[in-house]
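For the sequence shown, our numbering gives the first residue as 4, with consecutive numbering after it.
The structure under discussion appears below in the form of C-alpha cells.
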Amino acid sequence: GQRQEADEQVAELGDLMAATQAILADPASVRIDLAGPGGSGSVLIGSSSGRLVAFSSTLPALPAGGRYECYVERDGVRTWIGWMHWSAGLAYWSGPVSGIVLPWRRGDRFLVTEGRDGAPVLVGGS
C-alpha cells in the first residue's frame, strides 16, 4: 500500500514538473507570486500553451472533506479554475485554462480560498 501511494505521488509530481517546465519554456509565460494568511505560493500561466500551474508548500492540511479552491478574479468577478490536489506536502492545481485567464491582464488576481465560499488564503496579481 505504501509503495503504491509513493508511486502515485511520484507520477503526480512528475506530471506537475513537466507542465511547469513547458510553461517556463514559453517566452510569453506569466508568473504570479501568491501571499496571504495561508502562506505563499506561485502561479505560472503559459500564454502559448493555455496551461496554468498553481502551487504552495505552505498551506496547512485541511480536515477530511475540506479543499482549497482556485479562482481568477477579473473586474471583480470570480471564475472558478479548480481545486488543489495534495501530494508530498504540496498543494497544487495544473491544467488547461479557458479564455478568462488568457491573456492575463493588469488588475487580474489569482485567489486560493478554503472551500467554495471561503475567504482568500492566498492572493496574487499584477
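Ideal Cβ positions, reconstructed from N, Cα and C, are used throughout, including at glycine.
(1) Distance, Cα to Cα, V126 vs E8?
(2) Within 10 Å of its beta-carbon, does I22 have 16 or more other beta-carbons around it, so buried, or fewer, so exposed?
(3) Excluding the 5 residues flanking L37 on each side, which residues of the same chain have their C-beta closer than 7 Å to its C-beta?
(4) Quick test of the definition: if touching needs 3 or more C-beta pairs under 8 Å, does the stretch 24-38 touch the stretch 81-94?
(5) Have a look at D120 and S32 and give me their C-alpha separation to the nearest angstrom.
(6) In this structure, how does DSSP classify V80 when only helix, strand and coil are distinguished?
(7) Given G41, which residues of its chain have a CB within under 6 Å of its CB, disregarding the five upstream and five downstream residues?
(8) Name the DSSP beta bridge partners of A57, please?
(9) Going by Cα to Cα distance, which pick from G79, E15, R109 and D78 is closest to R34?
(10) State the Cα-Cα distance for the pair V16 and D10, rounded to the nearest angstrom.
On the basis of the coordinates in this document:
(1) For the purposes of this step, residue 126 is identified with residue 123 of the sequence shown, where counting begins at 1. For the purposes of this step, residue 8 is identified with residue 5 of the sequence shown, where counting begins at 1. So the alpha carbons of these two residues sit roughly 31 Å apart.
(2) Along the sequence shown, one-based indexing puts residue 22 at 19. Sequence check: residue 22 is Ala here, not Ile. Classification for A22: buried.
(3) For the purposes of this step, residue 37 is taken as residue 34 along the sequence shown, with counting starting at 1. Contacts found: S43, G44, S45, V46, S59, F113, V115, L125, V126 and G127.
(4) Touching, no, given that fewer than three Cβ pairs across the two stretches are closer than 8 Å.
(5) Counting from one through the sequence shown, the residue named residue 120 turns up at place 117. Counting from one through the sequence shown, the residue named residue 32 turns up at place 29. When rounded, the distance between both Cα atoms is 29 Å.
(6) Walking along the sequence shown from the start, residue 80 turns up at place 77. It is a strand residue.
(7) Walking along the sequence shown from the start, residue 41 turns up at place 38. Listed in chain order, the non-local C-beta contacts of G41 below 6 Å within the same chain comprise L62, V124 and L125, local neighbours out to five positions each way being set aside.
(8) As a position in the sequence shown, residue 57 is number 54, starting the count at 1. According to the DSSP secondary-structure assignment, A57 is paired through a beta bridge with V46 and W96.
(9) Taking the sequence shown and counting its residues from 1, one reaches residue 34 at position 31. Ranking G79, E15, R109 and D78 by Cα distance to R34 puts R109 first.
(10) For the purposes of this step, residue 16 is taken as residue 13 along the sequence shown, with counting starting at 1. For the purposes of this step, residue 10 is taken as residue 7 along the sequence shown, with counting starting at 1. Reading the sequence as shown, one finds Leu at residue 16 and not Val. Going by the C-alpha atoms only, they are around 10 Å apart.
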